[in-house]
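Participant:
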Amino acid sequence: MSKKDLIRLLIKIAGIILFFNYLSSFISQVALFIITFEWSSFLLLLVSTFITISLVIILIFSPDKVINLLRLDKGFDDDRVTFNFQHAETAVGIIILALGGIFILNNIAPLMVEIGYRIQTSVDNNQFLSSMPTPNDKRLYISIIEIGIGYLLMSNYKLLAQILTSKKRE
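Going from the sequence shown to this note's numbering is simple: count from 1 and add 55.
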């Protein structure tokens, strides 16, 4: 298996995880629309669904575009992946890539919901807002920070793998 094939497989798995992760957010947004019957809630539902489904389609059906855009296949010494774990740096790099992807995927939906709540509360000015959840600064900032951490992990996985697998010289 080539390293590009492995990265392609991981990106497709990330798309599947994003889809299932979004389902819980989708259900809560539908419930919000049913409770409030506001078109702004429906608009939030449509926009977040469109963005998420677009990302899922790109991740599942066009992983090569993601690989080329983020240059994930650059910097490898060889093109083959062997799972004998004699090359600990490769295994650690794959784990760091997966961990960064998990950080990003677990925080996209909550970030979109918080941004949507903020947009809705800044635009909408009626009595139904008391029944809606208030924007949560802590959740918004934590989502932004964790997406940033995930991006940094994915973009610097090779350097981090070298640091983590290097033997200390005394």
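Cβ coordinates follow ideal geometry from the N, Cα and C atoms, glycine included.
Would a C-beta distance cut-off of 9 Å place Gln84 and Val168 closer than the cut-off?
Facilitator: Cβ distance < 9 Å, so Gln84 and Val168 count as in contact.
Participant: Compare the Cα-Cα distances from Ile106 to each of Leu73, Ile82 and Leu87 and report the closest residue.
Facilitator: Nearest C-alpha to Ile106: Leu73.
Participant: For Arg135, does the three-state DSSP call read helix, strand or coil?
Facilitator: The answer is strand: DSSP assigns Arg135 an E or B state.
Participant: Can you tell me where the alpha helix (DSSP H) holding Asp119 begins and where it ends?
Facilitator: First-last of the alpha helix (DSSP H) with Asp119: Pro118 to Leu125.
Participant: Report yes if the C-beta distance between Arg135 and Ser221 is below 9 Å; otherwise report no.
Facilitator: No, the Cβ-Cβ distance between Arg135 and Ser221 is not below 9 Å.
Participant: Cα-Cα, which of Ile89, Asn76, Ile218 and Leu98 is closest to Val111?
Facilitator: Ranking the options by Cα distance to Val111, first place goes to Asn76.
Participant: Measure the C-alpha to C-alpha separation of Ser95 and Ile199 and round it to an integer number of angstroms.
Facilitator: Each residue's Cα considered, the two are about 24 Å apart.
Participant: Given a cut-off of 9 Å, decide if Ala216 and Ser80 are closer than it, judged by their beta-carbon atoms.
Facilitator: The answer is no: Cβ separation not under 9 Å.
Participant: Taking 9 Å as the threshold (C-beta atoms), are Tyr172 and Leu98 in contact?
Facilitator: It is not a contact, given that the beta carbons lie outside the stated cut-off.
Participant: For the putative contact between Lys230 and Pro118, defined by C-beta atoms under 8 Å, what is the C-beta separation to the nearest angstrom?
Facilitator: No answer is possible for residue 230: it lies beyond the span of the chain, which begins at 56 and ends at 225.
Participant: Quickly, what does DSSP pair Ser57 with across the bridge? List them, please.
Facilitator: DSSP, once it has assigned bridges, lists Arg135 as partnering Ser57.
Participant: Counting only beta-carbon atoms, is Ile71 nearer than 9 Å to chain C?
Facilitator: No chain C appears in the structure shown, which is made up of a single protein chain.
Participant: For the alpha helix (DSSP H) that contains Glu93, what are its first and last residues?
Facilitator: Careful: Glu93 lies outside any alpha helix (DSSP H) and carries neither H nor E.
Participant: Would you check if the distance between the CB atom of Leu154 and the CB atom of Ala69 is smaller than 9 Å?
Facilitator: For Leu154 and Ala69, no; Cβs fall outside 9 Å.
Participant: Assuming Ile150 and Lys59 are in contact, meaning their beta carbons sit under 8 Å apart, how far apart are those beta carbons, in whole angstroms?
Facilitator: Ile150 to Lys59, Cβ: 18 Å. No contact.
Participant: Assuming Ile204 contacts Phe158 (C-beta within less than 8 Å), just tell me the rounded distance between them.
Facilitator: Indeed, because the Cβ distance is near 5 Å, the residues count as touching under 8 Å.
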